[in-house]
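Going by my numbering, 24 is the number at position 27 of the sequence shown; the sequence numbering is gapless.
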Amino acid sequence: MVVLKRPGATEDDTSGDEQLLLNDQEDVADDDGRPRPCLIAISGPDSGRTTSLDQREILIGRSHECDIQILDRTVSRHHARLYVISGDVELFDLDSRDGVTVNGERAQRCRLAPEDIIRFGRSSSFRFAYVTKAEKDSLQKLFDLAVRDPLTGLFNRNYFTTVLDRLLSVTSDRPAAMLMLDLDHFKQVNDSFGHPVGDLVLAHIANLLAAETRGQDLAARYGGEEFLMLLHNLSLDGGVRVAERIRNTVESSPLFAGGEKIAMTVSIGVASTLEAGGDSRLLVELADRRLAMAKHQGRNRTCALAVSDPG
-2 MVVLKRPGAT
8 EDDTSGDEQL
18 LLNDQEDVAD
28 DDGRPRPCLI
38 AISGPDSGRT
48 TSLDQREILI
58 GRSHECDIQI
68 LDRTVSRHHA
78 RLYVISGDVE
88 LFDLDSRDGV
98 TVNGERAQRC
108 RLAPEDIIRF
118 GRSSSFRFAY
128 VTKAEKDSLQ
138 KLFDLAVRDP
148 LTGLFNRNYF
158 TTVLDRLLSV
168 TSDRPAAMLM
178 LDLDHFKQVN
188 DSFGHPVGDL
198 VLAHIANLLA
208 AETRGQDLAA
218 RYGGEEFLML
228 LHNLSLDGGV
238 RVAERIRNTV
248 ESSPLFAGGE
258 KIAMTVSIGV
268 ASTLEAGGDS
278 RLLVELADRR
288 LAMAKHQGRN
298 RTCALAVSDP
308 G
């Protein structure tokens, strides 16, 4: 099970939306210490993620239109709806194929009570609870330890690939662009300035990538100085436009550390989920092959060869 918040972005809007996946900022502005209703995932790679129920109506399902999207093939596109009134939460099953159970019993409509266990479909389970902001922050820290790279704050490779597999299995008909990025001549940074400064460079680049994500978009440290991004609702051409924006931003945003100006560039390979036919391994392979071509062509460039072109 993977839970994502509503993206709220289109191909023509790739730079201004709040990045809910990276920041997970779902708390109300005023923290008065009162417990508020939440769903806490207890199965799948998102186990431990806590989602505040801070809207009056919350649609849950597999569709990208849902307020809480669950990437599970046994979850219907519009599976259930929650109504939140004065802190009470009522659940309605929207005639879903595999139903909703509460504490093991099939439920069509019910008011949720603390510690209820809700299962959507066959395997996506949540615990309903009232938690304070402090408690939610504590749960979020535990979740982040499991899914984020400690140096950059981006998602780690394992979480990214798990979400990618789930996402392609339920949304293979919707376009998304994969970007694989590599810092050019990064070894020279470590050799010239030392590994602590190299770490600052990686964190700096990660912040620039995070600023380009929207809603459901994923950004991860793939390993070493390589990063992956999955950009939703974008064609291959749309991915190239974002990649070029990122490349230009990195080139024009040097890091100043210890009195030194450290300029960096990136090479980027771009592939489309429509090319890969829902195969996550092929998608990563295509992006990796095109990244290699970008480096071969001189670095500090973007490459998005057609799938039939030689790699």
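Ideal Cβ positions, reconstructed from N, Cα and C, are used throughout, including at glycine.
On a predicted model such as this, the values are computed, not experimentally measured, just so you know.
Residue span of the alpha helix (DSSP H) that contains residue 166, given as start and end: 154 to 167
When 124, 287, 84 and 99 are compared against residue 179, the one with the closest alpha-carbon: 287
Counterpart residues of residue 183 in DSSP-defined beta bridges: None, per the DSSP bridge assignment.
First and last residue of the uninterrupted beta strand (DSSP E) at residue 263: 263 to 269
Residue 202 versus residue 247: straight-line alpha-carbon distance, rounded: 7 angstroms
Integer Cβ distance of residue 301 from residue 267, believed to fall under 8 angstroms: 4 angstroms
Limits of the beta strand (DSSP E) - the one that residue 73 falls within: Segment: none, residue 73 is in no beta strand (DSSP E) and carries neither H nor E.
Cβ neighbours of residue 87 in the same chain (closer than 6 angstroms, five flanking residues each side left out): 80 and 108
Continuous alpha helix (DSSP H) stretch holding residue 39: start and end: Neither: residue 39 is in no alpha helix (DSSP H) and is coded neither H nor E.
Alpha-carbon to alpha-carbon, residue 270 and residue 84: 41 angstroms
Length of the line joining the Cα atoms of residue 294 and residue 265: 11 angstroms
Residue range of the beta strand (DSSP E) that includes residue 120: Run containing residue 120: none; DSSP gives neither H nor E here.
Member of 186, 243 and 117 whose CA lies at the smallest distance from the CA of residue 209: 243
Pick from 198, 256, 172 and 149 that is closest to residue 61, judged by C-alpha positions: 172
Residues of its chain near residue 94, where Cβ-Cβ distance is below 7 angstroms and the 5 sequence neighbours each way are ignored: 73
Boundaries (first-last residue) of the beta strand (DSSP E) holding residue 246: No beta strand (DSSP E) contains residue 246, which is instead part of the alpha helix (DSSP H) from 233 to 248.
Supposed contact pair residue 40 and residue 121 - C-beta distance, whole angstroms, cut 8 angstroms: 6 angstroms
Proximity to residue 144 [Cα-Cα], best of 130, 134, 159 and 133: 159
Beta-carbon proximity list for residue 52, same chain, < 8 angstroms, skipping 5 on both sides: 64 and 81
Cβ-Cβ separation, residue 118 to residue 71 (assumed contact under 8 angstroms), whole Å: 3 angstroms
Distance, residue 196 Cα to residue 317 Cα: Residue 317 lies beyond the stretch modelled for the chain, which goes from -2 to 308, so this question has no answer here.
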